[in-house]
């Protein structure tokens with residue numbers, strides 16, 4: 446057996462052994478992967494945040510290009526302004542939402558006594574009509590130690606839940622702070638990181654693949670940037686449409702529902718349904734009939750937005766036709782849920798551009814007409 450054959454069989458055997466180990470240890474591999482993801486969560490969030498903030502930062506730097514020559518000062522101002530824009534948007538959303546939420550909670554608390562009395566009367570009527578139910582309820586209370594033990598269990602559950610919530614909240618704040626620090630570092634060292642990535646690709650991969658991979662990464666970056674800009678524009682359009690429709694129809698909570706719609710609409714096409722459910726619940730506190738009409742109005746606007754506005758605004762920004770836009774969203778949503786819906790469009794756009802390039806190249810090689 447020659448050296449080349451021996452090397453070939455060794456590689457095949459190694460690959461088969463690795464594949465066997467992967468298949469037989471899938472649960473362990475998934476657990477390890479999830480642990481790594483958990484540890485890297487602040488850095489993943491920081492990376493996403495840096496990518497989003499890079500969009501306004503780049504635009505601000507282009508504006509400052511002619512006025513400020515010192516690169517460090519220009520970058521510092523751009524990062525600061527981008528962070529201020531980001532924080533201002535979140536603050537405005539919270540300032541609009543919190544008063545409305547407090548008012549909604551107050552309305553709910555006001556209606557609780559009436560609801561409690563109605564429920565109590567209904568239970569008493571039910572027990573009078575069906576004495577057997579009363580016996581069963583009494584039996585349950587006696588066998589489980591009575592009301593004292595039941596209330597004690599509920600209280601312990603509430604205390605444990607509160608402790609867990611506080612712990613989770615503090616952990617989330619720490620994660621958010623670390624993510625923000627990492628995002629600022631990435632933005633300030635953007636060119637260095639890009640240069641380092643290019644060096645790594647050049648070092649690890651054959652020369653003939655390097656330029657192609659860099660072109661694909663550049664195309665992906667441009668597509669995702671356009672997608673984020675288009676998605677934000679579409680969310681604002683939908684929020685304004687919803688506010689106008691709710692105000693014209695005389696439904697309550699127009700502002701809070703419009704803001705919620707704008708925020709949740711960042712999840713393509715289907716995200717606004719979350720706002721619809723919350724809006725219907727809020728309106729139903731004042732009038733269930735109005736809540737029903739609100740759902741109908743919301744669905745009409747959602748259909749207009751999903752089938753006309755969204756494909757034109759976001760589909761155009763990523764270079765996809767309305768048909769391919771809806772197809773990408775549907776497939777991505779069915780396969781990977783909300784994350785699939787969010788990333789399906791830019792991924793589909795990159796795939797479409799690459800396939801188009803490959804097909805055109807093949808047609809040119811065959812001396813056929815390129816459409």
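Numbering (our numbering), first residue to last: 446 to 816. Each residue gets a CB set at the ideal place from its N, CA and C atoms; glycine is no exception.
Consider the C-beta atom of residue 533 and the heavy atoms of the ligand NAP; say whether any pair is separated by less than 8 Å. Summarising the ligand content, the structure contains no ligands, and the ligand NAP is consequently not present.
What is the DSSP secondary structure of residue 687, reduced to helix, strand or coil? Indexing the chain shown from 1 puts residue 687 at position 242. Correct three-state label for residue 687: helix.
Confirm, please, whether the CB-CB distance from residue 738 to residue 694 is below 9 Å. On the chain shown, position 249 is the one that residue 694 refers to. On the chain shown, position 293 is the one that residue 738 refers to. Contact flag set, yes.
Would you identify the three-state DSSP class for residue 712, choosing helix, strand or coil? Translated into positions along the chain shown, residue 712 becomes position 267. Correct three-state label for residue 712: coil.
Coarse secondary structure for residue 724, derived from DSSP in three states: As a first step, residue 724 must be located in the chain shown, where it is residue number 279. Residue 724: helix per DSSP, three-state reduction.
Helix, strand or coil for residue 513, going by three-state DSSP, please let me know. Position 68 of the chain shown holds residue 513. It is coil, neither helix nor strand.
Spell out a yes or no on whether the region 482-493 and the region 607-625 are touching, meaning 3 or more CB-CB pairs, one atom from each, closer than 8 Å. Using a C-beta cut-off of 8 Å, the region 482-493 makes contact with the region 607-625, since at least three inter-stretch Cβ pairs fall below that distance.
Since residue 773 and residue 800 should fall inside the 8 Å C-beta cutoff, what is the C-beta to C-beta distance between them, to a whole number of angstroms? On the chain shown, residue 773 is found 328 positions in, with the first residue counted as 1. On the chain shown, residue 800 is found 355 positions in, with the first residue counted as 1. Going by Cβ atoms, the distance from residue 773 to residue 800 rounds to 13 Å, so no, they are not a contact pair.
Do residue 465 and residue 669 come within 9 Å of each other at the CB atom, strictly closer than that value? Here residue 669 refers to the residue found at position 224 of the chain shown. Here residue 465 refers to the residue found at position 20 of the chain shown. No, they are not a contact pair.
According to DSSP, is residue 526 helix, strand or coil? Along the chain shown, one-based indexing puts residue 526 at 81. Helix.
Do the region 721-736 and the region 688-707 meet, that is, are 3 or more Cβ pairs less than 8 Å apart? By the Cβ criterion, the region 721-736 is in contact with the region 688-707, since at least three pairs of Cβ atoms, one from each stretch, lie closer than 8 Å.
What would DSSP say about residue 748, mapped onto helix, strand or coil? Here residue 748 corresponds to residue number 303 of the chain shown, with the count starting at 1. In the structure shown, residue 748 sits in a helix (DSSP, three-state: H, G or I).
Continuous alpha helix (DSSP H) stretch holding residue 698: start and end: Counted from its first residue, the chain shown places residue 698 at position 253. First-last for residue 698: undefined, no H or E at that position.
Pair within 9 Å by beta-carbon distance, residue 513 and residue 524: Numbered from 1 along the chain shown, position 68 holds the residue referred to as residue 513. Numbered from 1 along the chain shown, position 79 holds the residue referred to as residue 524. No, the Cβ-Cβ distance between residue 513 and residue 524 is not below 9 Å.
Which class does residue 487 belong to by DSSP, given the choice of helix, strand or coil? Position 42 of the chain shown, counted from the first residue, corresponds to residue 487. In the three-state reduction of the DSSP assignment, residue 487 falls in the helix class, which pools H, G and I.
By Cβ distance below 8 Å, which residues in the same chain neighbour residue 519 in space, the five residues on each side in sequence not counted? Here the question's residue 519 lines up with position 74 in the chain shown. Excluding residues within five positions, the ones whose Cβ falls inside 8 Å are 506, 509, 510 and 513.
Given that a residue counts as buried once 16 or more other Cβ atoms are within 10 Å of its Cβ, and exposed if not, what is residue 795? Position 350 of the chain shown holds residue 795. With 16 or more Cβ atoms within 10 Å of its Cβ, residue 795 is classed as buried.
Three-way DSSP call (helix, strand, coil) for residue 472 in this model: Counting from one through the chain shown, the residue named residue 472 turns up at place 27. For residue 472, the three-state secondary structure derived from DSSP is helix.
Short of 7 Å in beta carbon distance, which residues of its chain neighbour residue 537, apart from the five on each side in sequence? Order them along the chain. For the purposes of this step, residue 537 is taken as the residue at position 92 of the chain shown. Excluding sequence neighbours, residue 537 sits near nothing in its chain.
Where do the N-terminal and C-terminal ends of the alpha helix (DSSP H) with residue 642 fall, by residue? Sequence index remark: in the chain shown, residue 642 carries index 197 (1-based). Segment 635-649, the alpha helix (DSSP H) holding residue 642.
Alpha carbon of residue 463 to alpha carbon of residue 649, nearest angstrom: Counting from 1 along the chain shown, the entry for residue 463 is found at position 18. Counting from 1 along the chain shown, the entry for residue 649 is found at position 204. A direct Cα-to-Cα measurement between residue 463 and residue 649 gives close to 21 Å.
Candidates 479, 530 and 656: closest to residue 504 by CA position: Stepping through the chain shown from its first residue, residue 504 is reached at position 59. That would be 530, whose Cα lies nearest to the Cα of residue 504.
Give every residue of the same chain whose Cβ lies closer than 6 Å to the Cβ of residue 684, excluding the five residues on either side of it in the sequence, and list them in chain order. Reading the chain shown from its first residue, position 239 is the one you call residue 684. Once the five neighbours on either side are set aside, the close Cβ partners of residue 684 are 703, 706 and 707.
So which of 810, 697, 663 and 642 has the shortest CA-CA distance to residue 798? By one-based count along the chain shown, residue 798 stands at place 353. Residue nearest to residue 798 within the set 810, 697, 663 and 642 is 663 (criterion: CA-CA distance).
Can you look up residue 730 in the DSSP assignment and give me helix, strand or coil? Walking along the chain shown from the start, residue 730 turns up at place 285. Three-state result, residue 730: coil.
Contact defined as beta carbons within less than 8 Å: I believe residue 646 pairs with residue 629. What is the distance between those atoms, to the nearest angstrom? Counting from one through the chain shown, the residue named residue 646 turns up at place 201. Counting from one through the chain shown, the residue named residue 629 turns up at place 184. The pair is not a contact, with the Cβ atoms about 25 Å apart (cut-off 8 Å).
Once DSSP output is grouped into helix, strand and coil, what is the label at residue 811? The count along the chain shown starts at 1 and reaches residue 811 at position 366. Coil at residue 811, not helix or strand.
Burial state of residue 709 (16 or more Cβ within 10 Å): On the chain shown, position 264 is the one that residue 709 refers to. When all chains shown are included, residue 709 counts as buried.
Is it buried or exposed for residue 733, if we count other Cβ within 10 angstroms and need 16 for buried? In the chain shown, residue 733 corresponds to position 288, counting from 1. Counting Cβ neighbours within 10 Å, residue 733 comes out exposed, since fewer than 16 surround it.
In whole angstroms, what separates the C-alpha of residue 616 from that of residue 480? The residue given as residue 616 occupies position 171 in the chain shown. The residue given as residue 480 occupies position 35 in the chain shown. Straight-line measurement puts the Cα of residue 480 at about 16 Å from the Cα of residue 616.
Whole-angstrom distance between residue 535 and residue 467, CA atom to CA atom: If you number the chain shown from 1, residue 467 lands on position 22. If you number the chain shown from 1, residue 535 lands on position 90. Cα to Cα, residue 467 sits roughly 44 Å from residue 535.
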